[in-house]
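Everything below concerns the one structure shown next.
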Amino acid sequence: MSITYKDAAGIEGMRVACRLASEVLDYITPFIKPGITTNEIDRLASECMVTQGSISATLNYQPPGYVPYPKSLCTSVNHQVCHGIPNDKPLKKGDIVNVDVTVIKDGWHGDNSRMYLIGDCSIAAKRLCHITYESMWHGIMRVKPGVRLGDIGHAIQVFAEKNGFSVVREFCGHGIGQKFHEDPQVLHYGRPGTLEELKPGMIFTIEPMINAGKRDIKDGPEKDGWSIVTRDHSLSAQWEHTVLVTETGYEVLTLSAGSPPIPAFVPQSSPEQAGA
151 MSITYKDAAG IEGMRVACRL ASEVLDYITP FIKPGITTNE IDRLASECMV TQGSISATLN
211 YQPPGYVPYP KSLCTSVNHQ VCHGIPNDKP LKKGDIVNVD VTVIKDGWHG DNSRMYLIGD
271 CSIAAKRLCH ITYESMWHGI MRVKPGVRLG DIGHAIQVFA EKNGFSVVRE FCGHGIGQKF
331 HEDPQVLHYG RPGTLEELKP GMIFTIEPMI NAGKRDIKDG PEKDGWSIVT RDHSLSAQWE
391 HTVLVTETGY EVLTLSAGSP PIPAFVPQSS PEQAGA
């Protein structure tokens, strides 16, 4: 395991990239409504990145064993768990969609995602998205020096399962910086007091994928080499923030003017913890 700890210049570079990634989501939010296609969302995001002077980290991204990813963001609809490729199918009332954006600015990566409710959604869909958002924040709240990664995963898992949902095991958060995916892996389940100890300068994503049904997943029917779906066809939701370990706690780097409100249970004891 080779964790890269960011110095002051690296942290500032990450702040900029992460803010821009969040602002892409701010920009596309008003357009995400019934009738829009995920290809149109992808085009809008690309236009925003051009204006920012950032570039997409996902476009043509090709980790070992994968085909190049063909779009500027990921759009995972309903029972898609992650890595859904934008297409020309219009979103309809009742759909839920995760939009995952990673940008590169001056060599630094900013990574985040949000859930969107399309029109009037079912109570069950709304609850899944809400509990998944709160699950992410229960993990974020644990971040401070001396805590271990297992503490983060445990907090997420306990909250999600207490609410009747399941946590996907096959995908996890990750370190991030001048590379899209760095050490450490950040599991969204686990045992407290296990895995790597958090230290100042670490930056990683927390991005739980929570299923309404069982946690089992499979390759999507598109056979595109990327899309993952729930095996039981139940709904799946995901939220993602990029987080810095500070000297005293954490800073959420992917916050912007249009970010959803931080849950009331999250302590706001310092500007740093609010991501200011």
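With this note's numbering applied, the sequence shown covers 151 to 426. The beta-carbon is built from N, C-alpha and C at its ideal position, and this holds for glycine as well.
Unbroken alpha helix (DSSP H) run spanning residue i, endpoints
i           : result
lysine 276  : 273-290
glycine 300 : 299-312
Close-in-space but distant-in-sequence residues of the same chain around residue i (CB under 7 Å, 5 per side omitted)
i            : result
lysine 242   : Pro184, Ile268
cysteine 271 : Gly244, Ile246
lysine 349   : Tyr155, Pro295, Val395
arginine 319 : Tyr339, Arg365
Local Cβ density within 10 Å of residue i, reported as buried at 16 or more and exposed below that
i                 : result
phenylalanine 181 : exposed
glutamine 212     : exposed
isoleucine 360    : buried
valine 231        : buried
histidine 229     : buried
glycine 296       : exposed
Residue i and residue j closer than 7 Å at C-beta
i              : j              : result
alanine 414    : leucine 385    : no
arginine 292   : leucine 345    : no
methionine 199 : valine 253     : yes
threonine 392  : cysteine 224   : no
tyrosine 339   : glycine 375    : no
glycine 323    : isoleucine 353 : no
glutamate 390  : serine 222     : no
arginine 193   : leucine 403    : no
Reduced DSSP secondary structure (H/G/I, E/B, other) of residue i
i                 : result
threonine 201     : helix
phenylalanine 321 : coil
asparagine 189    : helix
alanine 387       : strand
phenylalanine 415 : coil
phenylalanine 354 : strand
leucine 194       : helix
Unbroken beta strand (DSSP E) run spanning residue i, endpoints
i              : result
methionine 265 : 258-267
serine 172     : First-last for serine 172: 158-178, but that is the alpha helix (DSSP H), not the beta strand (DSSP E).
aspartate 382  : Careful: aspartate 382 lies outside any beta strand (DSSP E) and carries neither H nor E.
tyrosine 155   : Note, tyrosine 155: premise wrong, no beta strand (DSSP E); not H, not E.
Cut-off 6 Å between Cβ atoms - residues of its own chain near residue i, not counting five sequence neighbours on either side
i           : result
glycine 284 : Looking at the sequence provided, one finds glutamate at residue 284 rather than glycine. Cβ within range, chain order: Pro413.
Chain-order list of residues whose beta-carbon lies under 8 Å from that of residue i (same chain, five-residue window excluded)
i              : result
serine 420     : Note that serine 420 scores a pLDDT of 47, beneath 50, so its modelled location is shaky and nothing firm can be said.
aspartate 176  : Ser406, Ala407, Gly408, Ser409
isoleucine 161 : Gly351, Ile353, Leu394
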